[in-house]
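To keep things clear, I will list the structure first and then write my remarks on it.
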Amino acid sequence: MYEPPHFRCDDLEAQAALIRACPLGLLVSAGAGGLMANPVPFLLDREAGEAGTLRAHLARANPHWRDLDGLAECLVVFQGPDRYVTPSWYATKRETGKVVPTWNYATVQARGRPRVIEDEAWLRRQIDDLTRMREAGRDAPWSVADAPPAFTAAQIRGIVGIEIPIARLTGKWKVSQNRSEADRAGVAAGLRRDAGGDDAMADLVDRMGQRA
Numbered sequence: 006m007y008e009p010p011h012f013r014c015d016d017l018e019a020q021a022a023l024i025r026a027c028p029l030g031l032l033v034s035a036g037a038g039g040l041m042a043n044p045v046p047f048l049l050d051r052e053a054g055e056a057g058t059l060r061a062h063l064a065r066a067n068p069h070w071r072d073l074d075g076l077a078e079c080l081v082v083f084q085g086p087d088r089y090v091t092p093s094w095y096a097t098k099r100e101t102g103k104v105v106p107t108w109n110y111a112t113v114q115a116r117g118r119p120r121v122i123e124d125e126a127w128l129r130r131q132i133d134d135l136t137r138m139r140e141a142g143r144d145a146p147w148s149v150a151d152a153p154p155a156f157t158a159a160q161i162r163g164i165v166g167i168e169i170p171i172a173r174l175t176g177k178w179k180v181s182q183n184r185s186e187a188d189r190a191g192v193a194a195g196l197r198r199d200a201g202g203d204d205a206m207a208d209l210v211d212r213m214g215q216r217a
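Heads up: take any position in the sequence shown, counting from 1, add 5, and you land on my numbering.
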């Protein structure tokens with residue numbers, strides 16, 4: 006990933022927070038079947054390894070897991086907030102006119118050696134943990150235990166686990182850090198008032214701009 010210094014983010018906690026907030030990662034590998042990519046919801050275990058370990062599961066019918074078995078490395082891309090930025094929001098447009106459109110975004114890429122897991126206890130823990138993470142905060146959280154045991158057992162037989170100890174984690178927050186303070190303020194204000202306002206990206210522009 007191209008990482009100019011002002012956009013690079015090496016903060017492990019910030020990277021972990023993005024993964025947890027946007028857990029649907031794009032799992033990419035190059036194996037016997039060629040390039041394969043599948044969107045998969047991941048869990049991040051920060052306690053397992055320096056950068057953590059990613060856990061997920063795939064449908065057994067999905068051929069991707071067979072390609073992962075034995076690979077030295079795969080890539081998982083997590084996409085955070087993103088938004089088009091119009092030059093009209095820049096103070097510089099009014100001053101010189103020397104501006105162009107761009108796209109703001111935050112993303113994290115994780116690389117590691119995948120391990121295929123078919124252990125039933127591991128898979129049950131995986132779906133329990135993933136369900137708890139996504140159901141937390143609901144008025145009446147659904148639990149895997151709410152489903153009939155025989156049904157759950159059949160579902161588990163239809164999936165395969167993937168565990169990826171993270172060997173390399175890179176983050177990129179391209180959120181107007183290369184613009185002037187006045188331009189950043191214009192972008193944040195524009196994002197908040199534009200149709201379908203984007204407070205998440207505006208907050209990133211404000212927060213990361215303070216470090217620029």
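In this text, a Cβ means the ideal position worked out from N, Cα and C, and glycines have one as well. Predicted model only: the values in this text are computed from it and were never measured.
Along the chain, where does the beta strand (DSSP E) that runs through residue i open and close?
| i | result |
| --- | --- |
| F83 | C79 to V90 |
| M41 | G39 to P46 |
| R60 | T58 to A64 |
| R120 | R120 to I122 |
On the DSSP bridge assignment, give the partners of residue i in chain order.
| i | result |
| --- | --- |
| Y110 | D87 and K179 |
| W204 | A quick correction: the sequence has Asp, not Trp, at residue 204. In DSSP, D204 forms no bridge with anything. |
| P170 | T58 |
| A35 | L40 |
Using the Cα positions of residue i and residue j, report the straight-line distance between them to the nearest angstrom.
| i | j | result |
| --- | --- | --- |
| A61 | P9 | 31 Å |
| G39 | P68 | 11 Å |
| A207 | E52 | 31 Å |
| D87 | C27 | 12 Å |
| L49 | Q114 | 13 Å |
| V81 | W70 | 14 Å |
| G85 | G176 | 10 Å |
| R116 | M41 | 15 Å |
| E140 | F47 | 15 Å |
Tell me which same chain residues have a C-beta within less than 8 Å of the C-beta of residue i, skipping the five on either side of it?
| i | result |
| --- | --- |
| D204 | L196 and R197 |
Below 7 Å CB to CB, which residues in the same chain sit around residue i once its five sequence neighbours on both sides are set aside?
| i | result |
| --- | --- |
| R129 | I161 |
Looking at the unbroken alpha helix (DSSP H) that takes in residue i, where does it start and where does it end?
| i | result |
| --- | --- |
| R162 | P154 to R162 |
| R198 | E186 to R198 |
| A96 | A96 to E100 |
How about residue i: is its C-beta nearer than 8 Å to some C-beta of chain B?
| i | result |
| --- | --- |
| A158 | The structure shown contains no chain B, having only a single protein chain. |
Report all residues from its chain with a CB closer than 6 Å to the CB of residue i; omit the five preceding and five following residues, and keep chain order.
| i | result |
| --- | --- |
| G163 | R65 |
Would you say the segment 71-78 touches the segment 48-60, given that touching needs at least three Cβ pairs under 8 Å? no
Is there contact here, the segment 109-125 with the segment 163-181, by at least three beta-carbon pairs under 8 Å? yes
Does the count of Cβ pairs from the segment 94-101 and the segment 185-193 closer than 8 Å reach three? yes
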